[in-house]
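Asks: Here the sequence shown stands for residues 1 to 499, where the numbers follow my numbering. Quick one: structure below, then a few questions.
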Amino acid sequence: MLHALLDTNALPFYEWLDVPAWVFDPQRMQTVWANAAGCAYWRADSPAELMSRDFGDASESARARLTLTVQAHARGEVLRESWTLYPKGRPITSILVSRGLRLTDGTQALLFVSERLPADIAPDTLRCVEAIAHTTVRIALHSLPGGSALMRNPAAAQAFGPLRASAGKGQRDFESMFCEPGVAARIVAQVRRGQTFSAELELQTLQGLRWHAVDVRPVLDPVSGDKAMQFNARDIGDLKAVQKALELARITADNANQAKSTFLANMSHEVRTPMNGVLGLTELALQMELGEKQRKYIALAHQSAKGLMVIINDLLDVAKIEAGQMLLAHDPFSLSQCIAEALSPLQLAASDRSLLLTWQVGTGVPDRLIGDAVRLRQVLINLVGNALKFTQAGAVRVEVAQVPAEPSAAPLAGPAEARALTLRFSVHDTGIGLSPGEIARIFEPFAQADGSITRRYGGTGLGLTIVARLVKLMGAEMQVTSTPGEGSCFSFAVPLMPG
């Protein structure tokens, strides 16, 4: 299609104005482009209908005049002549301004613009002019390649100064707006290649340096027909100030969080050493011959020390995860052994509360896997321990099942990814359940469903936080389904390599 041979980025001003304008290819004797007024001038229903017309039956005199016009434009001339044209057989005599325009295939075409009296300017054109006059976007037209300002709307004049009395003579009008040396030259070179330039830049305004979203594109001056640059700039100085303040606040918060994590890690290490001493000494004391009351007191001290050690380990884990210091292992392990070791210490607590604790691995799930068995076991211990804590009667059940691979994903995966399995670990309980609002809070640090939970069941509120962050490190997300009074299901689908 001939329209594809024209760089329409050069013609936006002609699209806006309600004066007939069209581009004609004298070699092919066909119209290449026309604005709405041009279509109306030629009595065409659409640009496509006008471009489909063949003017090959034009007279010899008409062809000779077109050849002379092309030659005049090749010498750099812009012509203003009277032409008599015949849209659908009806003669129209008009004053046409014409200039040469090269198509993308190198063919020399002609741009015609019909002169209109001021009283003939259509309301749509007046509305466009009014909108440009009142917009806050800074719009200007600069010569190419010189860069002198040919037009500035009021917003641009307020920011960069009014148009000079001798418009077109200020060779540094364009360059003077840019702070960074060489930017203006790079923009001009890019626009001369027919490309649009877009970037966020600091510009020199009458009010000082301000950040702008800048767009510069190649156009034609609708008055002279010469190549020009349309300059659009939107002031984003206030937005940049807000972004800078937010970035500073983020850095401050990150530094504070890092300091907190470092403090927690250091304190946890410092406290663990004496606490290990307390645990060791109380355990030795319990092996001695003691009276009933002495044994009771030392056993309570030993149990309290173990509880405190759990809190210290939780704090240390949180600190490591937040500091990015926790790395996952990729070692072979047995899935059944990992689950059994996680649940074995919890069987006694389940029996004491008359709860049934079971686990099941689905058909087809391999036992030998590659991953971090220690962290997987820690996640299961936390989830099952939490389920036992909040279940008064019934059962807690652990299930492992393979998630079917998506059919469309297999052809795109590499050799290693193609072998990976996705296993869903689910912990079901028949406990107190959770409301949607409580589910939204339980993974936050030091948070539980409500204050009464802490008073009734105890705990620091770090267990599920650690679980969620460990699961995320494994490349998965925690999912919770629950009904208050009926129970909950905590699950995650983690990718693992078969061993």
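In this text, a Cβ means the ideal position worked out from N, Cα and C, and glycines have one as well. Values in this document were obtained by computation on a predicted structure and should not be read as measured data.
Assign M86 to buried or exposed, taking buried as 16 or more other Cβ atoms, counted over all protein chains shown, within 10 Å of its Cβ.
Replies: Per the sequence presented here, residue 86 reads as Tyr, with Met not at that position. With fewer than 16 other Cβ atoms within 10 Å, it is exposed.
Asks: Please list the terminal residues of the continuous beta strand (DSSP E) segment that includes H212.
Replies: Segment G208 to L220, the beta strand (DSSP E) holding H212.
Asks: Taking a contact to mean a Cβ-Cβ separation below 8 Å, would you say F160 touches A21 in this structure?
Replies: Result no, Cβ atoms of F160 and A21 do not sit closer than 8 Å.
Asks: Check whether the stretch 334-354 touches the stretch 374-387, counting contact only when three or more Cβ pairs, one atom from each stretch, lie closer than 8 Å.
Replies: Yes, since at least three Cβ pairs between the stretch 334-354 and the stretch 374-387 fall closer than 8 Å, the two stretches touch.
Asks: Measure the beta-carbon distance from S98 to Y41 and round it to whole angstroms, keeping in mind my assumption that it falls under 8 Å.
Replies: Rounded, the Cβ-Cβ distance is 14 Å, inconsistent with contact.
Asks: Pick out the complete beta strand (DSSP E) segments inside the stretch 367-446, 3 residues or longer, and give them in chain order.
Replies: Listed in chain order, they are 368-371, 395-402 and 421-429.
Asks: Measuring CA to CA, which of T262, G364, K320 and A140 is closest to M177?
Replies: Ranking the options by Cα distance to M177, first place goes to A140.
Asks: Taking the C-alpha atoms as reference points, what is the distance between V471 and E202?
Replies: Roughly 44 Å separates the two Cα atoms.
Asks: Return the chain-ordered list of same chain residues with a C-beta closer than 6 Å to the C-beta of A493, the five sequence neighbours on each side being excluded.
Replies: Closer than 6 Å at the Cβ level, and outside the excluded window around A493, lie V403, T422, R424 and A476.
Asks: So for V78, helix, strand or coil by DSSP?
Replies: Correct three-state label for V78: coil.
Asks: Tell me the DSSP secondary structure of P87 in three-state form.
Replies: Reduced to three states, the DSSP call for P87 is helix.
Asks: Going by DSSP, what residue range makes up the alpha helix (DSSP H) through F160?
Replies: Per DSSP, F160 belongs to the alpha helix (DSSP H) from P154 to F160.
Asks: Fully enclosed by the stretch 285-355, which beta strand (DSSP E) runs are 3 residues long or longer?
Replies: Complete beta strand (DSSP E) runs here, min 3: 331-334.
Asks: So if DSSP puts E60 in a beta bridge, which residue, or which two residues, is it bridged to?
Replies: BP columns for E60 are empty, so no partner.
Asks: Would you grab the beta carbon distance between M275 and I298 for me? Rounded to a whole angstrom, and I think it's under 8 Å.
Replies: In fact, because the Cβ distance is near 16 Å, the residues do not count as touching under 8 Å.
Asks: Report the partner residues of Q71 according to the DSSP bridge assignment.
Replies: Q71 pairs with nothing; no bridge assigned.
Asks: Are the stretch 360-367 and the stretch 395-402 touching, with three or more C-beta to C-beta distances below 8 Å?
Replies: Touching, yes, given that three or more Cβ pairs across the two stretches are closer than 8 Å.
Asks: Using the three-state DSSP reduction, which class does G168 fall into: helix, strand or coil?
Replies: In this prediction, G168 scores a pLDDT of 47, lower than 50, which makes its location untrustworthy; the coordinate-derived value is nonetheless stated afterwards. Looking at G168 - three-state DSSP - the assignment turns out to be coil, as it is neither helix nor strand.
Asks: To the nearest whole angstrom, what separates the beta carbons of G485 and G433, a pair I think is in contact under 8 Å?
Replies: 5 Å between Cβ atoms; contact.
Asks: Starting from Q204 and walking both ways along the beta strand (DSSP E), at which residues does that stretch end?
Replies: Q204 -> beta strand (DSSP E) spans F197 to T205.
Asks: Could you tell me which of L144, A109, G437 and G106 sits nearest to V216, measuring between CA atoms?
Replies: Of the candidates L144, A109, G437 and G106, the one whose C-alpha sits nearest the C-alpha of V216 is L144.
Asks: Would you mind reading off the limits of the alpha helix (DSSP H) that contains Q479?
Replies: From DSSP, Q479 is part of no alpha helix (DSSP H) but of the beta strand (DSSP E) over Q479 to T483.
Asks: Helix, strand or coil: how does DSSP classify W22 here?
Replies: Correct three-state label for W22: strand.
Asks: Could you give the DSSP three-state label for V191: helix, strand or coil?
Replies: Correct three-state label for V191: helix.
Asks: Starting from M497, trace the alpha helix (DSSP H) in both directions and tell me its first and last residue.
Replies: Careful: M497 lies outside any alpha helix (DSSP H), inside the beta strand (DSSP E) at G487 to P498.
Asks: Would you call L315 buried or exposed, if buried means 16 or more other Cβ atoms sit within 10 Å of its Cβ?
Replies: Per the 10 Å Cβ criterion, buried.
Asks: Just how far apart, CA to CA, sit T196 and P218?
Replies: The alpha-carbon atoms of T196 and P218 are separated by roughly 7 Å.
Asks: Rank L357, V384 and A157 by C-alpha distance to the C-alpha of Q207 and give the top, closest one.
Replies: Nearest option by C-alpha distance: A157.
Asks: Between R63 and A34, what straight-line distance do the alpha-carbon atoms span, to the nearest angstrom?
Replies: So the alpha carbons of these two residues sit roughly 20 Å apart.
Asks: Thinking C-alpha only, which one of Q392, V427, A329 and M309 is nearest T358?
Replies: When only C-alpha atoms are compared, the closest one is V427.
Asks: State the start and end residues of the unbroken alpha helix (DSSP H) segment that holds A468.
Replies: First-last of the alpha helix (DSSP H) with A468: G463 to L473.
Asks: For G38, report the span of its alpha helix (DSSP H) as first-last.
Replies: That run of the alpha helix (DSSP H) goes A36 to Y41.
Asks: State yes or no: is the C-beta of R295 within less than 8 Å of the C-beta of L308?
Replies: Result no, Cβ atoms of R295 and L308 do not sit closer than 8 Å.
Asks: For P332, I'd like the list of residues in its chain whose CB is within less than 6 Å of its CB, leaving aside the five on either flank, ordered along the chain.
Replies: Counting only Cβ-Cβ distances below 6 Å, and skipping sequence neighbours, we find I370 and G499.
Asks: For a quick check, are the C-beta atoms of A109 and V32 less than 8 Å apart?
Replies: Result yes, Cβ atoms of A109 and V32 sit closer than 8 Å.
Asks: Report yes if the C-beta distance between I442 and L464 is below 8 Å; otherwise report no.
Replies: Contact flag set, yes.
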